[in-house]
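Note that the UniProt record's numbering numbers the sequence shown so that position 170 is 170, with each residue one more than the last.
In what follows, a structure is listed as structure tokens, so that the remarks can point back to it.
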Amino acid sequence: MSTQLSPALSTFPLLSISPPRSIFLVSRLLTPEECTKIIASYTNLVPSNVTPATVRDREVFSDLALASLLWSRISPFFQGKKAVDEDGEIWNVRGLNETFRLCRYVQGGKFSPHTDGRRLESVNDQSFMTINIYLKTVPESHGGATRFLSPSKEVIYKVQPQLGQAALFRGDVWHDGEELSEGIKYLLRTDVMYVRDKDFDFETLYGRQDDEVKGRKALSIAEGLEDAGKGGEAVRWYKKAFGLLPALEG
């Protein structure tokens, strides 16, 4: 996958939600041949219906070379970008998560309204943005758009799948996958990862909070680490959470 491309960035602000967010579209991120190769390389997709209103097949795989290649094409648009979390902490962009989810939607396939959780590599390394890469063009008449929603679930912007194009957005933006009425939709999903500007210090950030707040924060960290497969570190945070708020253990 060494084809020379000239990706282009378009930005679409979502001013009707708070805090304001933007959708970033990168065209020509992958060639048709690269899209076809990715689809052909992963054939063990299985149903992954995370809610009753979600219908799709999915395969999870890790590919550091693919993550590096994609980031080399995207990074000119995002190098030096920062994110600010709910605690006012600053994070610096570092690259793409090497764990990918290849999703296939057939007729009737859809994904119910949701936000994307953060992927934690550690307490100092986590995702803030989702990247959806479309591996096949879907005509608008067939549905299948990624639709961005207001808190009341009204559609405020949508992205119709175009082969080789990517949509990047903050994970806290509500969105869904419009039902596909015809054809097949292939979507490759991963995350844009960030590292803390300053190393995490639990007591500095939360030391003045009561034990319930601290316990629930520690639990949230533990769950994120467990979801990322960081079992050893997750256990330490579970113990901290249960020590602060024993009721959580039940």
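Quick reminder that beta carbons are idealized off the backbone N, C-alpha and C, glycines included.
Just so you know, these numbers come straight off a predicted model, no measurement behind them.
Whether residue i touches residue j by CB criterion (9 angstroms)
i      : j      : result
Arg147 : Ala83  : no
Arg119 : Gly232 : no
Ile131 : Thr54  : no
Thr36  : Leu135 : yes
Whole-Å CB distance - residue i paired with residue j, under 8 angstroms assumed
i      : j      : result
Asp87  : Leu205 : 6 angstroms
Arg56  : Val46  : Wrong, their Cβ atoms sit about 10 angstroms apart, outside the cutoff.
Val159 : Ala167 : 5 angstroms
Lys110 : Glu178 : 7 angstroms
Length of the line joining the Cα atoms of residue i and residue j
i      : j      : result
Ile133 : Leu187 : 6 angstroms
Ser150 : Ser22  : 13 angstroms
Glu89  : Arg196 : 8 angstroms
Ser127 : Asp172 : 11 angstroms
Pro20  : Gln209 : 28 angstroms
Gly117 : Asp227 : 10 angstroms
Gly144 : Val213 : 40 angstroms
Leu14  : Trp174 : 11 angstroms
Pro76  : Glu34  : 20 angstroms
Own chain, CB closer than 6 angstroms to residue i, minus 5 neighbours either side, in chain order
i      : result
Val106 : Ile184
Trp71  : Gly95, Leu96
Cys103 : Arg56, Arg58, Leu187
Val93  : Phe78, Lys81, Tyr194
Ser122 : none
7 angstroms CB neighbourhood of residue i in its chain, flanking five on each side removed
i      : result
Ala241 : Gly215, Ala218, Leu219, Ala222, Leu248
Arg73  : Leu5, Pro7, Leu29
Thr11  : Ser22, Phe24
Host alpha helix (DSSP H) of residue i (start-end)
i      : result
Pro20  : Unbroken run through Pro20: none, as it is neither H nor E.
Ala234 : 231-244
Glu33  : 32-41
Neighbourhood of residue i by C-beta distance below 8 angstroms, restricted to the same chain and skipping five residues each side
i           : result
residue 270 : Nothing about residue 270 can be reported from this structure: the residues present for the chain run from 1 to 250 only.
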